[in-house]
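A.B. asks: Chains as they are written, first to last, in the numbering used here: chain A, 11 to 103; chain B, 96 to 363. Quick one: the structure is below, and I'll ask about it shortly.
See the structure below:
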């Protein structure tokens with residue numbers, strides 16, 4: 011975590027990985043096709059493949075809570091479609 | 096309104112690629128159709144003579160293509176941009192009962208925007224999407240002819256379709272209509288009650304069949320739906336690709352969709 015003194019407020023630079031996954035029960039043709047191809051390549055012990063997208067977001071913020079709130083909003087407004095997706099935030103720095 | 100007075104805007108951003116044939120389909124009917132870049136509605140970097148307002152037009156079309164490279168999700172970026180700069184205007188436009196058409200990527204944009212299924216007449220654009228156009232069940236890009244049954248003629252885009260079954264091609268990788276899990280029946284009831292189901296995929300005998308007749312695995316074989324006021328239509332097939340059948344020297348099935356909306360506008 012890197013901190014800067016900016017305009018008398020402590021601004022923190024943080025990095026989050028946002029995972030966008032399909033909700034339980036939503037078909038995942040991308041995962042299924044990959045599983046099929048892996049089976050053909052001989053990886054018979056692979057049981058399931060799920061497709062997950064990761065967006066790395068770098069953000070200036072006053073606190074982790076504030077950043078988390080903002081990233082949740084980002085997910086709901088653009089990165090995920092709540093009808094089929096759920097999201098998970100992983101702080102990595 | 097006289098036909099010559101009707102102005103149609105076909106919107107584009109980077110990556111849309113069906114705007115020419117969509118505008119041509121309208122021009123062939125004798126109306127003025129202009130291809131307008133989204134920026135022309137809001138950017139102050141645009142020359143004065145190129146600046147536009149939504150209310151310069153009587154019909155807005157979101158054409159097919161791969162807007163913003165289909166990044167994030169098909170239609171997600173176009174709809175986010177529309178929502179941030181045009182939401183209020185677009186809601187007014189819908190409330191005035193001016194028609195909006197979304198073809199293929201355009202349907203994805205309208206779904207992401209929350210303009211479809213559009214159950215609430217007073218808030219024509221919902222805060223969050225209420226449906227999704229998910230990846231085709233086949234996991235592939237499906238480019239093929241489809242047969243569609245016209246389910247409702249209440250929609251302003253289908254009023255003048257006489258045929259029961261239309262042949263219109265699809266070309267998409269994300270076209271499977273999905274409603275929130277566990278609430279599909281509730282949504283379906285609402286769609287039926289309001290006569291919002293417009294097109295459904297059928298087979299050559301007219302039955303609602305599975306793949307390949309339903310090219311994407313769409314719920315209830317849905318190919319196109321309109322909003323509750325029947326003025327906003329989204330459909331996955333491309334009517335602008337079949338407005339004239341040169342082999343038969345007659346109109347193609349897509350023609351009647353454009354003709355219907357022009358007739359509707361003439362009556363306003």
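Note that the Cβ used here is the ideal one computed from N, Cα and C, for glycine as well. Note that the structure is predicted; figures quoted are calculated from it, not measured.
By Cβ distance, which residues of its chain are closer than 8 Å to residue 72 of chain A, with the 5 residues on each side in sequence left out?
C.D. replies: 19, 20, 21 and 22
A.B. asks: Does residue 45 of chain A have its Cβ less than 8 Å from a Cβ in chain B?
C.D. replies: no
A.B. asks: Hey, could you find the ends of the beta strand (DSSP E) residue 240 of chain B is sitting in?
C.D. replies: Its beta strand (DSSP E) spans residues 237 to 245.
A.B. asks: Which same chain residues, not among the five before or five after residue 317 of chain B, have their C-beta less than 7 Å away from its C-beta?
C.D. replies: 272, 292 and 295
A.B. asks: With a threshold of 8 Å between beta carbons, is residue 233 of chain B in contact with chain A?
C.D. replies: yes
A.B. asks: Just how far apart, CA to CA, sit residue 198 of chain B and residue 103 of chain A?
C.D. replies: 42 Å
A.B. asks: What are the partner residues of residue 71 of chain A, as DSSP defines its beta bridges?
C.D. replies: A:22
A.B. asks: Show which residues of chain B have a CB atom less than 8 Å away from the CB atom of residue 91 of chain A.
C.D. replies: 168, 171, 207, 224 and 227
A.B. asks: Would you mind stating whether residue 94 of chain A and residue 28 of chain A have Cβ atoms separated by less than 8 Å?
C.D. replies: Going by C-beta atoms, residue 94 of chain A is not nearer than 8 Å to residue 28 of chain A.
A.B. asks: Do residue 224 of chain B and residue 265 of chain B have their beta-carbon atoms positioned less than 8 Å apart in this structure?
C.D. replies: Cβ distance not < 8 Å, so residue 265 of chain B and residue 224 of chain B don't count as in contact.
A.B. asks: Between B:276, B:141 and B:251, which lies nearest to residue 229 of chain B when the distance is taken from Cα to Cα?
C.D. replies: B:276
A.B. asks: Distance, Cα to Cα, residue 48 of chain A vs residue 235 of chain B?
C.D. replies: 17 Å
A.B. asks: List in chain order: all unbroken alpha helix (DSSP H) runs of 4+ residues lying wholly within the stretch 313 to 363 of chain B.
C.D. replies: 350 to 362
A.B. asks: Between B:287, B:155 and B:122, which has its C-alpha nearest residue 132 of chain B's C-alpha?
C.D. replies: B:155
A.B. asks: If I measure Cβ to Cβ from residue 354 of chain B and keep anything under 7 Å in the same chain, skipping five residues before and after, which residues do I get?
C.D. replies: 124 and 255
A.B. asks: So, helix, strand or coil for residue 227 of chain B, using DSSP?
C.D. replies: strand
A.B. asks: Within 10 angstroms of the Cβ of residue 164 of chain B, are there 16 or more other Cβ atoms? Answer buried if so, exposed if not.
C.D. replies: exposed
A.B. asks: For chain B, check one thing: does any of its Cβ atoms lie closer than 8 Å to the Cβ of residue 37 of chain A?
C.D. replies: yes
A.B. asks: Please confirm whether residue 87 of chain A has its beta-carbon closer than 8 Å to some beta-carbon of chain B.
C.D. replies: By this cut-off, residue 87 of chain A is an interface position.
A.B. asks: Could you tell me whether the stretch 205 to 218 of chain B touches the stretch 174 to 190 of chain B, where touching means 3 or more Cβ pairs closer than 8 Å?
C.D. replies: yes
A.B. asks: If you drop the 5 nearest sequence neighbours on each side, which residues of the same chain put their C-beta closer than 6 Å to that of residue 116 of chain B?
C.D. replies: 335
A.B. asks: Residue 111 of chain B bridges to which residues according to DSSP?
C.D. replies: B:160
A.B. asks: To the nearest angstrom, how far is it from the Cα of residue 268 of chain B to the Cα of residue 300 of chain B?
C.D. replies: Computed Cα separation, rounded: 26 Å.
A.B. asks: So, are the CB atoms of residue 112 of chain B and residue 160 of chain B less than 8 Å apart?
C.D. replies: yes
A.B. asks: Rounded to the nearest angstrom, what separates residue 233 of chain B and residue 43 of chain A at their Cα positions?
C.D. replies: 9 Å
A.B. asks: Helix, strand or coil for residue 49 of chain A per DSSP?
C.D. replies: helix
A.B. asks: By Cβ distance below 7 Å, which residues in the same chain neighbour residue 190 of chain B in space, the five residues on each side in sequence not counted?
C.D. replies: 219
A.B. asks: Quick one, which residues of the stretch 298 to 317 of chain B are near chain A if we go by CB-CB under 9 Å, in chain order?
C.D. replies: 312
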